Amino acid sequence: MGDAPRRAIIDPMNAGTGLSSPQGSPQYGSSQYGSPPHTSPTGSLRIGDAERDRAVEMLQAAYAEGRIDHSELDLRVGGALAAVDRAELAHALRGLPLPASSPSSTPSAPRAPHAPTGRPGAAPSGSDRSMALLAHWAGVPTLFVVPLVITATAGQRSAFVREQAIEATNFQLSFLGACIALGILSSITFGLAAIALAPLVLAWLLLSGIAGMSALCGNRWRYPWSIRLLK
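Pasting the structure below:
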């Protein structure tokens with residue numbers, strides 16, 4: 001048996017039945033596959049919001065379990081939400097890795113406890129946006145402390161909050177490291193390097209404020225410069 005991860009074509013119309021494609025199915029995005037069975041060549045069999053929601057939940061579970069990364073999650077969720085028929089929805093799920101401990105012939109395993117339940121790629125709720133705002137703005141008086149606490153608490157219930165809280169934590173750690181480095185450099189240059197402290201603090205305050213407002217609007221904010229120690 002090879003060590004390559006098993007990937008399957010998951011049909012959200014049959015989710016929970018344990019039916020999936022053979023191990024040799026083409027990968028997601030491959031041009032080798034055509035329309036799914038029982039659909040017309042033009043994909044005329046349309047789907048509703050329930051099927052799209054079920055597909056997004058599958059992708060969210062795969063992301064929470066580490067089976068797909070963030071960029072693949074965004075690509076797949078965008079395709080699932082834009083799908084109008086079963087062919088397009090199957091395209092968004094094609095090649096989705098199966099859980100390592102769950103054989104393809106058995107029903108899907110229950111989700112791991114405490115996995116984030118927010119819908120990555122979809123609009124976050126108002127409470128999630130408010131918590132993300134707090135994660136960014138609380139870094140001004142507390143540096144990385146409050147953002148890290150939010151990551152370990154509210155971040156376990158929402159993927160959006162976790163992503164933004166981790167981003168805020170990394171930014172505050174980067175700012176703290178820059179201040180320490182600037183202090184060491186100032187002692188070497190007899191205080192000349194301290195001139196850079198004011199622009200550094202101004203940029204820190206400005207970016208923290210912009211990040212909070214962006215997260216409140218539901219955007220996935222990324223700081224332009226930050227050492228991302230936490231993932």
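Mapping to the UniProt record's numbering: the sequence shown position 183 is 183, numbers consecutive.
For every residue, glycine included, the Cβ atom is placed at its ideal position computed from N, Cα and C.
Keep in mind it's a predicted model, so treat the numbers as computed, not measured.
- Between the C-alpha atoms of G218 and G78 there is a straight-line separation of about 16 Å.
- Taking P124 as the centre and dropping the five residues before and after it, the same chain places the C-beta of G118, A132, S158, F160, V161, G218 closer than 8 Å to its C-beta, in chain order.
- The straight-line gap separating the alpha-carbon atoms of E57 and A193 is approximately 51 Å.
- Judged by pairs of C-beta atoms under 8 Å, the segment 132-150 touches the segment 164-175, as three or more such pairs exist.
- Residue nearest to G212 within the set D49, Y63, I227, Q164 is Q164 (criterion: CA-CA distance).
- Judged by DSSP in its simplified three-state form, D128 adopts helix.
- In this structure, DSSP gives R86 a helical state, which the three-state scheme calls helix.
- In the displayed model, L148 falls within a helix according to three-state DSSP.
- Taking the Cβ atoms as the reference, L134 lies roughly 41 Å from R86, outside the contact range of under 8 Å.
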